[in-house]
Every structure is written in C-alpha cells, then in structure tokens.
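Asks: Sharing a structure below in structure tokens format, with a few things to ask.
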Amino acid sequence: MAEGYRIVQHDKPFQYQEGGFDVTRGCAWTGPGCHLGCGVIMYTDEEGKLAKCEGDPEDPWTNGRLCMRCLDVPEVTHHKERLQYPMKRAREDRGLDKWERITWDEAYDLITDEFMAMKEQYGAESVIFAQGTGRDIAAYITRLSWSFGSPNYTGLLSGQACYLPRIAGMAATTGAPWIPDAAQQFPERYDHPDYEVPEVMFVWGNYPLKSNIEGFYGHWVIDLMKRGMKLVTVDPKVTWLATKSELHLRVRPGTDAALALGMMNVIIEEDLYDHEFVDNWCYGFDELAARAKEFPVERVSEITWVPADKIVAAARMLGNAKNSTLQWGVAVDMTREAMPAGQAILALWEITGNMERPGGMIVAPEILSVAGGWGREILGQEQEAKRIGIQKYPLFNFGFAVSQPDETVKTIETGDPYEIHGAWLQTTNPIACMGADPQRLYKALNKLDFIVVVDLFKTPTIAALADVVLPACTFPERNGIAFVSGAQRGSTINKVTDVGECRSDMQINLELGKRWNPEAWPWDNVDEMFTDMLKPTDMSFEELQEVAPAYQPIEYYRYKTGKLRKDGTPGFNTPTGRIELWSNFYNQAGLDPLPYFEEPEPGPGATPELMDEFPLVMTSGARTWGMFHSEHRQIERMRHYRPWPLMEIHPDTAAKYGIQDGDWVWMEGPMGRAKRKAKLTPVMDRRIVSCDHGWWFPEGDPEKFYDVFDLNINNTLPWIPGKSGFGSNYKSSICKIYKVEEGE
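For the sequence shown, UniProt numbering begins at 1 and goes up steadily by one.
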C-alpha cells in the first residue's frame, strides 16, 4: 500500500458466511440511488439471490446507519420490471412499445455500425455522450466519449446547474474544491487528536438528512450537534434541522447571493473578519468590501424576506465563532447566476479564516481525480476545440471538459456550428428530470438519427426516444471502485448476485471502447481496469476489496506548507497564490470578478408586472426519503411513502384558492404547467409553493411516455443559463395554482 494510507481493522473478512447466508461487506455506490457510497453488508441466499442489505457498523462514515433506499435495494435488484436484456426497435417506431430482444453482440454490432457511420460521414463530434446525476460513471463515460473522438460529453441540465457551478467556482477562485470538515478524512473520525468540532455550522440550500453530496452525511450534523456544535439553517422551508437551529433564515428562493453579501457587509463593517488571514492569504479584499457595501442589511432584508435582525445575528455568529463550517447544496447552483452566488457564500468563510483549519472548510483529499473525466488526453486538441459552447462561455475552457448543455440543445436544433446525429444516454432520464422545457428537449433529441440508452428500468426517455436499450446492473450485481466525491477514500463495490443478462456500466463501456479504440481500452476485464486506476494506492482491486476502506494521509493548513500547489510553494493553486476574492479567472473570461446578486427571472424583483397573474413563488427539487430524482417510481415500498407528485402549500394560501388537502391542482407558470396533488403544511411560507421534481407514472401508458408531460415540473422552466454558462433557475420561478377539472 502507498506510504501513509490507513485502513480500518475489521472484525471479519469482506466475505463470510452467517446463518445460512453468504455475507459480503462493500459499498453502495449506484445505481440505483445517490452519490454517497454507504457502507453496506449484503446477504445472499443459497440460490444466489440478494435477500437483505444492512448498514455496516464498522464503516467509519456510516456506523451502520443506512437510508431506506439501500435497505430496499433487494426489491429494486429483483424487481419484475427490471430491464434484463438488450432491446432494439426501428427508428420509425420511436414512441411505440415495439421492442425486439437482441443479444449483446447484436447490440454492440448495431451501435458500432451506426456510430462509426456517423463518425465517418459527419465527424465524431456529431455524437453526444450524456449522463445524469454524477454517480460513478463519470470516469467511464468520458473515456468512452473521448476515445470515440467526441468532445461532447455533457449533462442535459440547463447551466449544468447541479454541483458543477460550485465546483467550477471554487476551482476558479481558490484552485480547489472545499468541503465541510466533519472529520470524514480520518478513520477514527471525531477522536482524531487534531480534529476540532466546529463551533457553528451553516446548512445552506441543502437538507443533508435527505440530500447529500460531497460524500457528506446528514447524521454527521447530528453527531456534531451532540458534541456542542450550533446550527444556522438557510432554507425557505421549516425543516426538522431548522427547528433545532440557533437561527433559521427563511430566504426567498434564488436570493442567496444577496443574503451572503449582506452578511459580508456586517462582518466587514463590524470588523469581524480575520485580518491576518485576509492580509496574508487573500487577494482583492478591498474590492470585495466595496461590493459588500452595496448591500446594507435593510436592502437585503427587502430582497430576501429574511428579517434584518436575523441577518445581523447570523453574520455575528459566523464572525465571532472560533471555527465554523458550511454544508451547502444545489439550491446555490439552481439559480441563474449561480457562480457569483457561490463566490459570495464561500467568501464568508474565506474572510473569517475558516479555510484549511480543523472544524472549518478543507480542500477535499483525492486519491483519483475522475470528476472531470478520465482520459482527456485521448481526445486531442483538434477535437477538443470543437466542444460545444466554449466559444460563447469561455469559463468552460477551464477545468471540466463538458459541452455547455443549453448550447448543445441549440446545436441539435439548428445544426450550428455543426449537425448532431447521435446520442449515448447513460444514467440519465432527461425528459423526466434534468431537462428544462422537456417538450423542447424531446423534439430536439427526436431529430437524431440514432439514440442508445443505458438504464435499469424503462423510463419516459427510453419510451420516447431510444433505438437501442442496454440493461445496466444495480450495485449488488457488479464490482467497482468507489472514489466518492468529497474526502475520497478507497472503497469497493462488490458483486453478490446476477439478474438476467445485465452488465455493469463499466463493463459496457469497456467492451464498446475496445471495439472503437482498443488502444484507449487495453484491459481484458473491469477488475484489471480498476487495478490500473488504483495505481496511486499501490493496491490491486482484489487487495483493496480485502481491506477497504483505505484512507489517504491528510493534514491541516496545507497552504502554509506548499501542499496545495503543484510547484510546492506556500499558498493556494491560483494565479496569485492566494484565495481570489477578486477572481482573475472570471476577469479573463469576461465576467465580473467579484460576487454579485441578480434577481431571478421571472420573479417578484425582476418581473413585478407578472405578479398579478402569477402571485406565488415556486421552488422545486427538494429531496424525499424514498426516491432519488426520477428513480424508484415503480418500487412498491418506495412508492408507498410518496405515492403522488406533491405540491406543498401553506393552509392559508390553499384556502385562498379553494384548494383542500389531496386535491389535484395545476401549478402554472408563464411558459407551462404541471399537475400536482396538494399537501397542506404550515412549514411553507404563505408566498411560496414547493413542487416535487422528476415525476412520471411507470404504471401509465409507455406510448404516452408514462404521463411525463403532464407531471414534469420542468414544463414551467426555460433553457436559460447564467452569464458564465453555469447555473439556471430550476429552484426559483413564479406561478398560479388552480384545481384540475374533471377529465384533465
């Protein structure tokens, strides 16, 4: 093992027998489900069927705790509706439930013939490769795209408005991504001698008990509160964590940047910032202070709907805290000007010196950097230059090598700068979940000559658009390595069962990649490929299976010792060597180098003339216990806990419009409407409704695409990104509500 790596000493090996079951310890990294990579113990019966999944009590991250999605993974894995073999249908039968079962070799031959014909006639750039939520396929789909020769790896989400705006923003201003320090980088966790519990944590635009990214678990918040940490919650809704917080800032959706700038103004005016850290390690403080001065508390209160005294109190809590950390979420990304919003929020922790210190914000340690892709060198500069959107949005030239989604859709529609003819869609259901204006997206994709979809179940996207479908494995059906986001550690996904003819995403991509570009895919099998990826650890895949999880060495204050820069000099990995409160990257890209606030449009501050017709603010995308984005709709137990797409609304607001609990209602915005069941709840602000996202009815008619166009909340949202090309208003719009009439 590479020097310094540490492993957890387990009482039992990773595979053993108990009570008539074969028992395997491993990691639950999708599909199905979320990004986290929980420690699991899986039980298979004598027939090789997965019978039970439990939390692993020896896993330092989860300590045996597990959400209902993992507990119910046997039902998902062995569900009667699982896709179990490759299928095809004729191009003219798109939208019809006319499928023909084929073999894997037939599927691979057909895909290869079609893709290579398009490559020869139109260029490799004429095929896009799109994924949905991050999961663990970023390494493999990017390599597949780039080894084919296409620069157009993308996500069909306007403005890439999930996680990437914050990640790209942090890279542009600090040279690295930052995560809250909950001792997750240490096997002994809170007992590590260098660790300090944060005095206060801000939970901002995220509800970590249900929604997690950066490898962060909601129960860590509870652990730290039990150890004395105080909490500030920034959320329009009253959540359980909000009721346990010292302060709850009920911000109007989409106004987070204004709130951060208002708090910044208080911290600077009251001299609560860390002078030593700012003087030695920050760049552009005077310019930032001048920008913050434009946001006095009274103005910010008007914009955000947060009382002025609470804004001041939150700023003082942060400014006076010995140490503080931030757990933030996609609400920051899902506003059009997400980049300056993220810049403003993180600057609060930068100017208070809470960076790379115990209980503050830390640079995420990486074993293997795959979030931005794997094998970019394969593509070549000539093809790289054809990536869609980099001319209009120069920031896409830095860091993540994705084609800009809004421009990608426009290119499909117009053929400018070149025609798109094919699509590879993997772990994505864009017309039900990611895509704004889903009917526009459907019409655009339906123009393509050939579309392949890789998934676990038939989805609206498959029903509407797929020419070939490949059945993917759930995590109990495959091996894999789990370098989850956040503080990476070496974990393994361990195969325990088989279902039908399903193959893992990694196996599919390896086998096709070997046909398309064998030099880029030199491995004979996936385990060999994983071992090659694990070179930084000096372990083979099989060795890591035995000892996982493995933790890499980490220390605090790395900016002082040159360990954050490739050249080994002290400082941060930026052009100035400092945290750039005034960003050179943004300036070079033609963007405002300082954080700013722009009203979400449409909205009360941007389009007051529309508020008489659309008097309510609509937000969307809050996570639920049993479902993940557009998944789990056909899983009986999960569906039991959330049988219908809901609109949460305050009882007083519902009464005003004659709506009762359980009524079917239309939520209509300026550009479309979606059907919802009303759930009356006092946790909502009277001016706001919150609508579930990602809904479709698997029990519906596949030739009506499972009712997706009636149910998709994105019917009300346009394809309009921020000035940087990142961010879009998925979580802030306006609407009116009225009952669904009989027959609608």
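Glycine included, each C-beta is placed from N, C-alpha and C at the ideal position.
Who are the Cβ neighbours of ASP661 in its own chain at under 7 Å, not counting the five residues just before and after it?
Replies: To locate residue 661, count along the sequence shown from 1; it is residue 661. ALA678, LYS679, LEU680.
Asks: Can you name the start and end residues of the beta strand (DSSP E) that ILE649 belongs to?
Replies: Here residue 649 refers to the residue found at position 649 when the sequence shown is read from its first residue. Counting along the chain, the beta strand (DSSP E) containing ILE649 begins and ends at 646-649.
Asks: What is the residue span of the alpha helix (DSSP H) that HIS219 lies within?
Replies: Here the question's residue 219 lines up with position 219 in the sequence shown. Its alpha helix (DSSP H) spans residues 218-226.
Asks: Just to confirm my understanding: we take PRO438, look at its own chain, exclude 5 residues before and 5 after, and list those with CB closer than 6 Å. What are they?
Replies: Walking along the sequence shown from the start, residue 438 turns up at place 438. Excluding sequence neighbours, PRO438 sits near ILE431, ASN712, ASN714.
Asks: Buried or exposed for PRO593, going by 16 or more other Cβ atoms inside 10 Å?
Replies: Translated into the one-based positions of the sequence shown, residue 593 becomes position 593. Counting Cβ neighbours within 10 Å, PRO593 comes out buried, since at least 16 surround it.
Asks: Roughly how many angstroms lie between the CA atoms of ASN212 and PRO476, to the nearest whole one?
Replies: Locating residue 212 in the sequence shown gives position 212, counting from the first residue. Locating residue 476 in the sequence shown gives position 476, counting from the first residue. Roughly 21 Å separates the two Cα atoms.
Asks: Would the beta-carbon of ARG94 fall within 8 Å of that of LEU465?
Replies: By 1-based counting over the sequence shown, the position of residue 94 is 94. By 1-based counting over the sequence shown, the position of residue 465 is 465. Contact: yes.
Asks: Looking at C-alpha atoms only, which residue of THR716, ARG299, GLY415 is the closest neighbour of ILE388?
Replies: Here residue 388 refers to the residue found at position 388 of the sequence shown. Checking every option, the nearest Cα to that of ILE388 belongs to GLY415.
Asks: Just grab the DSSP bridge partners of SER504 for me.
Replies: Taking the first residue of the sequence shown as position 1, residue 504 is located at position 504. SER504 is not bridged to any residue.
Asks: Rounded to the nearest angstrom, what separates GLY672 and ASP685 at their Cα positions?
Replies: Translated into positions along the sequence shown, residue 672 becomes position 672. Translated into positions along the sequence shown, residue 685 becomes position 685. Distance between the alpha carbons of GLY672 and ASP685 is about 23 Å.
Asks: I believe ARG250 touches VAL306 by the beta-carbon criterion, under 8 Å. Please report the beta-carbon distance rounded to the nearest angstrom.
Replies: Position 250 of the sequence shown, counted from the first residue, corresponds to residue 250. Position 306 of the sequence shown, counted from the first residue, corresponds to residue 306. With 8 Å as the limit, ARG250 and VAL306 qualify as a contact, their Cβ atoms being about 6 Å apart.
Asks: Between VAL469, PRO340, LYS410, VAL499, which has its C-alpha nearest GLU100's C-alpha?
Replies: Residue 100 sits at position 100 when you count from the first residue of the sequence shown. Here the closest residue by C-alpha is VAL469.
Asks: Using the beta-carbon count (16 or more within 10 Å), is TYR738 buried or exposed?
Replies: Here residue 738 is taken as the residue at index 738 of the sequence shown, counted from 1. In the assembly as shown, TYR738 is an exposed residue. Its beta-carbon has fewer than 16 other beta-carbons within 10 Å.
Asks: Would you be able to state if there are at least three C-beta pairs under 8 Å between the region 7-21 and the region 69-82?
Replies: no
Asks: Would you please state the rounded distance, in angstroms, between the beta carbons of GLU114 and GLY422? I believe it to be under 8 Å.
Replies: As a first step, residue 114 is located in the sequence shown; it is residue number 114 there, counting from the start. As a first step, residue 422 is located in the sequence shown; it is residue number 422 there, counting from the start. Confirmed, about 7 Å.
Asks: Apart from the five residues on each side of it in sequence, which residues of its chain come closer than 7 Å, Cβ to Cβ, to SER491?
Replies: Within the sequence shown, numbered from 1, the residue matching residue 491 stands at position 491. Once the five neighbours on either side are set aside, the close Cβ partners of SER491 are CYS27, GLY37, ALA482, ALA548, PRO549.
Asks: Round the Cβ separation of LEU512 and LEU144 to the nearest angstrom and send it over; I've been treating them as touching at under 8 Å.
Replies: As a first step, residue 512 must be located in the sequence shown, where it is residue number 512. As a first step, residue 144 must be located in the sequence shown, where it is residue number 144. The pair is a contact, with the Cβ atoms about 7 Å apart (cut-off 8 Å).
Asks: Within its chain, find whatever has a CB closer than 6 Å to the CB of ILE345; leave out the 5 residues flanking it on each side and keep chain order.
Replies: Here residue 345 refers to the residue found at position 345 of the sequence shown. Here the set comprises ALA260.
Asks: Quick one: Cα of ASP194 to Cα of GLU246, how far?
Replies: If you number the sequence shown from 1, residue 194 lands on position 194. If you number the sequence shown from 1, residue 246 lands on position 246. If you draw a straight line from the Cα of ASP194 to the Cα of GLU246, it comes to about 27 Å.
Asks: Kindly indicate the opening and closing residues of the beta strand (DSSP E) around CYS67.
Replies: The count along the sequence shown starts at 1 and reaches residue 67 at position 67. Annotation for CYS67: no beta strand (DSSP E) segment contains it, and DSSP assigns it neither H nor E.
Asks: Bridge partners of GLU54, per DSSP?
Replies: Residue mapping note: residue 54 aligns to position 54 of the sequence shown, counting from 1. ILE41, per the DSSP bridge assignment.
Asks: Starting from the C-beta of LEU456, find all residues in its chain whose C-beta is less than 7 Å away, skip the five residues before and the five after it, and write them out in chain order.
Replies: Along the sequence shown, read from residue 1 onward, the residue named residue 456 stands at position 456. Closer than 7 Å at the Cβ level, and outside the excluded window around LEU456, lie GLY31, PRO32, ARG82, LEU83, ALA472, THR474.
Asks: How far does the beta strand (DSSP E) with residue 758 in it extend, from its first residue to its last?
Replies: Past the edges of the chain, shown from 1 to 744, lies residue 758, and the structure says nothing about it.
Asks: So with Cβ pairs under 8 Å, would you call LYS88 a contact of chain D?
Replies: Included in the structure is just one protein chain, with no chain D present.
Asks: Hey, is PHE14 close to the ligand NAD, as in C-beta under 7 Å from one of its heavy atoms?
Replies: The ligand NAD is absent from the structure shown, which contains no ligands of any kind.
Asks: Distance check for GLN381 and TYR418, CA to CA, integer angstroms please.
Replies: Walking along the sequence shown from the start, residue 418 turns up at place 418. Walking along the sequence shown from the start, residue 381 turns up at place 381. Rounded to whole angstroms, TYR418 to GLN381 spans 18 Å at the Cα level.
Asks: Thinking C-alpha only, which one of ARG25, VAL312, ASP274, CYS735 is nearest GLN15?
Replies: Residue numbering aside, residue 15 sits at position 15 when the sequence shown is read from its first letter. Looking at ARG25, VAL312, ASP274, CYS735, the one whose alpha-carbon comes closest to that of GLN15 is ARG25.
Asks: Would you check if there are 3 or more beta carbon pairs closer than 8 Å linking the region 169-184 to the region 342-360?
Replies: yes
Asks: Classify THR569: buried if its beta carbon has 16 or more other beta carbons within 10 angstroms, exposed otherwise.
Replies: Here residue 569 is taken as the residue at index 569 of the sequence shown, counted from 1. Exposed is the call here.
Asks: Using the Cβ count rule (16 or more neighbours within 10 Å means buried), how would you classify GLU125?
Replies: Reading the sequence shown from its first residue, position 125 is the one you call residue 125. By the neighbour-count rule (16 or more Cβ atoms within 10 Å), GLU125 is buried.
Asks: So, do the region 563-577 and the region 512-524 have three or more beta carbon pairs nearer to each other than 8 Å?
Replies: no
Asks: Between the alpha carbons of MET225 and GLN488, how many angstroms are there, rounded?
Replies: Counting from 1 along the sequence shown, the entry for residue 225 is found at position 225. Counting from 1 along the sequence shown, the entry for residue 488 is found at position 488. Their Cα atoms are separated by approximately 24 Å.
Asks: Give the straight-line distance between the Cα atoms of SER630 and GLU699, rounded to the nearest whole angstrom.
Replies: Within the sequence shown, the letter at position 630 stands for residue 630. Within the sequence shown, the letter at position 699 stands for residue 699. Taking the straight line joining both Cα atoms gives about 14 Å.
Asks: Under a three-way DSSP split, which group does GLY490 fall into?
Replies: Residue 490 sits at position 490 when you count from the first residue of the sequence shown. Three-state DSSP puts GLY490 in a strand.
Asks: Can you find the residues in the same chain that come closer than 6 Å, C-beta to C-beta, to LYS52, ignoring five residues on each side of it along the sequence?
Replies: As a position in the sequence shown, residue 52 is number 52, starting the count at 1. Excluding sequence neighbours, LYS52 sits near TYR43.
Asks: Got a sec, what are the start and stop residues for the alpha helix (DSSP H) ARG143 sits in?
Replies: As a first step, residue 143 is located in the sequence shown; it is residue number 143 there, counting from the start. Element bounds for ARG143: 138-148.
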